[in-house]
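Engineer:
Protein chains: 2
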Amino acid sequence: MAKSRNEVGASTYQRIKRDIIFGDLAPGSKLKLDGLRERYQASMSTLRETLNRLASEGFVDALDQRGFFVTPVSREDLIEIANLRVLLECHALRLSVASGDTDWEGNLVAAHHKLHLMEQKMLAGDDSKKEDWKRYDWEFHLALIEACGSKNLLSLHSVLYDKYLRYQMLVLTYRGEEAVKEHRKVFEAALARDIDTAAETLKTHIDKGLEHTLAAF
Amino acid sequence: MAKSRNEVGASTYQRIKRDIIFGDLAPGSKLKLDGLRERYQASMSTLRETLNRLASEGFVDALDQRGFFVTPVSREDLIEIANLRVLLECHALRLSVASGDTDWEGNLVAAHHKLHLMEQKMLAGDDSKKEDWKRYDWEFHLALIEACGSKNLLSLHSVLYDKYLRYQMLVLTYRGEEAVKEHRKVFEAALARDIDTAAETLKTHIDKGLEHTLAAF
DNA sequence: AACACAATAATATCTGATGTTTTTGAATCA
DNA sequence: TGATTCAAAAACATCAGATATTATTGTGTT
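First to last, the sequence lines map onto chains A and B.
Following our numbering from start to finish, the first sequence increments by one per residue and tops out at 1482.
Following our numbering from start to finish, the second sequence increments by one per residue and tops out at 1482.
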């Protein structure tokens, strides 16, 4: 009766995390263990392991003897997250552009191309594929910094990206044309190995995103 | 029979983390659940929750269907950790020095004083209180950046500090006189609100520590 | 409206059971 | 000897259920 192969644990983790990021589990809401048991078809043990992991990443708050809550959102937190993303992602981008090889370039071209296609659809009004867009945006930003040479840095960045993404998903509005241009500019500067322009444009990209998200918050 | 109040969970977490940082649980070693059950007097449920948390922080590796291992150490990882610490801690220091108030100053003076006393003992040959020294060093570095205004930044830094500390504990040797001087220089620059000097000295402090640790690795 | 207090619900922990996967160790074969 | 195979043993991931403790809720009283 007991499924193994870490199926339950891994999938529960991913689904809960996804539901938090996409707002299906509202910020601040209580995560009752019995409720989660039904919703995710997992046992209490597995759920508590998952929630502990998410708590340590900062997506869930664990209050002593009062259980688990989806981490609340706030303007200050959003600002902190965006600033940290600028700090880490720009730093990683500089390292990556400085030492990326041919494979890195190829992967980056592919990622930007796919993102660009998706952005055209979004601009044309197809708002249905938020989840796909998220994936392409993520893959592009990852491709930019992937050659930074620091697994630890990539891992920290990944968590920050997801936290930032939750705020973007909360406000629901797409920034559009402007963001597309910024993506292209970072992309071209990175390919041209123009480190300063790439890093500055990336900073602008994140800062503008922050403004946009803050305005709608 | 079942203790509650989150006593078991919290204490188990702290003890295992401490044992990893201080090398009582060797890098790469297997964390057998039955063994841990005896050693830490906790049930499998609690242990798995704890290990998941530590895995997500990077102190433990969770291998699918093969259990938990103390995260291995490597030169590359040490270098990455040190570089990230420089990036985050110097950034935080700049923010903190720029906006620290009187309480911040007072706390910093106290932290440096206590650290200095402990350093004198260490220099005099009393090598027995590594754990105390660790606490005072931590409190000093925390006091420096505590006014940075970003909880997220402080939280990321705390994990990095502990990871870096494990490497320091592994090589067992104290850098001595030189580190004491660097501490004092950062301290004085911070109090004088000389942001650039403070940040540069802190960078030197961490870089020198890295060299020292790498040499003995 | 504020308070006390019992009833209810939820949590943290532990034990023990089950099916799977990994590891071990011995026997076999090249 | 060294490599291979395969069954036994060990360890893991998951689940269900029990207990003690703590939080929440609702009701009645002042």
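Quick reminder that beta carbons are idealized off the backbone N, C-alpha and C, glycines included.
Just so we're clear, the structure is a prediction, and the values are computed from it rather than from any experiment.
(1) Quick one: what's A/V1445 bridged to in DSSP?
(2) For a cutoff of 8 Å on Cβ pairs, would you count B/I1286 as touching chain A?
(3) Helix, strand or coil for A/A1267? Go by DSSP, reduced to three states.
(4) Chain B beta carbons: is any one of them nearer than 8 Å to that of A/T1277?
(5) Taking C-alpha atoms, which residue in B/D1461, B/T1311, B/V1273 and B/G1441 lies nearest to B/M1387?
(6) Please list, in chain order, all residues of the same chain as B/V1338 whose beta carbon is under 6 Å from its beta carbon, the five residues on each side excluded.
(7) Give the DSSP-derived three-state secondary structure of B/F1452 in the structure shown.
(8) Thinking A/L1319 and A/I1281 are a contact (beta carbons under 8 Å), I'd like their distance in whole angstroms, please.
(9) Is B/Q1433 buried or exposed, if buried means 16 or more other CB atoms sit within 10 Å of its CB?
(10) Which residues of chain A have a Cβ atom closer than 7 Å to the Cβ of B/E1314, listed in chain order?
(11) Identify, in the order they occur along the chain, each residue of the same chain with its Cβ nearer than 6 Å to the Cβ of B/S1269, setting aside the five sequence neighbours on each side.
(12) Give the residues of chain B in contact with A/L1421, contact being defined as C-beta atoms less than 8 Å apart.
(13) In the DSSP output, which residue or residues are listed as bridge partners for A/D1326?
(14) Among A/K1379, A/G1274 and A/D1402, which one has its Cα closest to the Cα of A/N1317?
(15) Please compile the residues from chain B whose C-beta is within a distance smaller than 7 Å of the C-beta of A/S1321.
(16) Anyone know if the C-beta pair for B/A1455 and B/L1425 falls short of 8 Å?
(17) Could you give the distance in angstroms between the alpha-carbon of A/N1372 and the alpha-carbon of B/R1449?
(18) Kindly indicate if chain B contains any beta-carbon less than 8 Å away from that of A/K1416.
(19) Using the C-alpha atoms, what's the distance from B/E1322 back to B/Y1278?
(20) Would you say B/A1267 reaches chain A, if we count a Cβ-Cβ gap shorter than 8 Å as a contact?
(21) For A/H1356, which residues in chain B fall below 8 Å Cβ to Cβ?
(22) By DSSP's criteria, B/L1296 is part of a beta bridge. Which residues make up the other side?
(23) Anything in chain B within Cβ reach of A/I1346, meaning under 8 Å, just list it in chain order.
(24) Taking 6 Å as the limit between beta carbons, can you name the residues of its chain near B/G1332, skipping five residues before and five after?
(25) Could you spell out the range, first to last residue, of the alpha helix (DSSP H) harbouring B/M1360?
(26) Check A/T1438 in the structure and name its three-state DSSP category.
(27) Please report the Cβ distance between B/L1475 and A/L1421, rounded to the nearest whole angstrom; I am assuming they are in contact, meaning their Cβ atoms lie under 8 Å.
(28) Using a beta-carbon distance cut-off of less than 7 Å, what residues from the segment 1293-1314 of chain A approach chain B?
(29) Once DSSP output is grouped into helix, strand and coil, what is the label at A/F1405?
(30) Examine chain B for any beta-carbon lying closer than 8 Å to the beta-carbon of A/I1471, and answer yes or no.
(31) Mind the definition here: the segment 1393-1411 of chain B touches the segment 1357-1375 of chain B only if three or more C-beta pairs lie below 8 Å; say whether that holds.
(32) Decide if A/K1428 is buried, meaning its Cβ has at least 16 other Cβ atoms within 10 Å, or exposed.
(33) Tell me, to the nearest whole angstrom, how far the beta carbon of A/F1334 is from that of A/K1295; I am working on the premise that it is less than 8 Å.
(34) For A/N1348, which of A/A1481, A/T1336, A/S1364 and A/K1473 has the nearest alpha-carbon?
(35) Evaluate B/G1466 with the Cβ neighbour count: other Cβ atoms within 10 Å of its Cβ, from every protein chain shown; 16 or more gives buried, anything less gives exposed.
(36) Can you tell which of B/R1340, B/H1470 and B/L1312 has its C-alpha closest to the C-alpha of B/R1350?
Structural biologist: Here's the rundown:
(1) A/V1445 pairs with nothing; no bridge assigned.
(2) By this cut-off, B/I1286 is not an interface position.
(3) Because A/A1267 sits at a pLDDT of 44, beneath the cut-off of 50, its placement in the model cannot be relied upon, and the point is left open.
(4) No, no contact with chain B.
(5) For the set B/D1461, B/T1311, B/V1273 and B/G1441, the Cα lying nearest the Cα of B/M1387 is the one of B/G1441.
(6) In chain order, P1292 place their CB closer than 6 Å to the CB of B/V1338, counting only its own chain and leaving out the 5 sequence neighbours on each side.
(7) It is helical.
(8) In this structure A/L1319 touches A/I1281 by the C-beta definition: roughly 6 Å separates them, less than 8 Å.
(9) Looking at its Cβ environment, which holds 16 or more other Cβ atoms inside 10 Å, B/Q1433 is buried.
(10) Neighbours of B/E1314 in chain A, taken as residues at a C-beta separation under 7 Å, are given in chain order as R1313, E1314 and N1317.
(11) In this prediction, B/S1269 scores a pLDDT of 49, lower than 50, which makes its location untrustworthy; no coordinate-derived value is stated.
(12) Under a criterion of Cβ atoms nearer than 8 Å, the residues of chain B adjacent to A/L1421 are, in order, L1349 and L1421.
(13) Note: A/D1326 sits in a beta bridge opposite A/F1334.
(14) Comparing Cα positions, the closest option is A/G1274.
(15) Contact annotation for A/S1321 against chain B: R1318, S1321 and E1322 [CB-CB distance below 7 Å, chain order].
(16) No, Cβ-Cβ distance for B/A1455 and B/L1425 is not below 8 Å.
(17) For A/N1372 and B/R1449, the gap between their C-alpha atoms comes out near 47 Å.
(18) The beta carbon of A/K1416 falls within 8 Å of a beta carbon belonging to chain B, placing the residue at that interface.
(19) Rounded to the nearest angstrom, the two C-alpha atoms are 12 Å apart.
(20) Because the pLDDT of B/A1267 is 44, which lies under 50, any placement of that residue in the model is unreliable, and the question is left without a value.
(21) Proximity of chain B to A/H1356 at the Cβ level (cut-off 8 Å) is accounted for by L1352, in chain order.
(22) Residue pairing by DSSP places B/L1296 opposite B/F1333 in a beta bridge.
(23) The answer, in chain order, is N1417.
(24) Shown here for B/G1332: not one same chain residue has a beta carbon closer than 6 Å to its own, the five before and five after excluded.
(25) The sequence shown places Leu at residue 1360 of chain B, rather than the Met named in the question. Its alpha helix (DSSP H) spans residues R1340 to S1364.
(26) The answer is coil: DSSP assigns A/T1438 none of H, G, I, E or B.
(27) Contact flag wrong, Cβ pair sits at about 18 Å.
(28) Of all residues in the segment 1293-1314 of chain A, the ones placed with a Cβ closer than 7 Å to any Cβ belonging to chain B are S1310, R1313 and E1314, in chain order.
(29) Look at A/F1405 here: in three-state DSSP terms it is helix.
(30) By this cut-off, A/I1471 is not an interface position.
(31) Result yes; three or more Cβ-Cβ pairs closer than 8 Å.
(32) A/K1428 should be labelled buried.
(33) Indeed they touch by this definition, with Cβ atoms about 6 Å apart.
(34) When only C-alpha atoms are compared, the closest one is A/K1473.
(35) One point to set straight first is that residue 1466 of chain B is Thr, not Gly, in the sequence displayed. By the Cβ neighbour-count rule, B/T1466 is buried, with 16 or more other Cβ atoms within 10 Å of its own.
(36) Nearest C-alpha to B/R1350: B/H1470.
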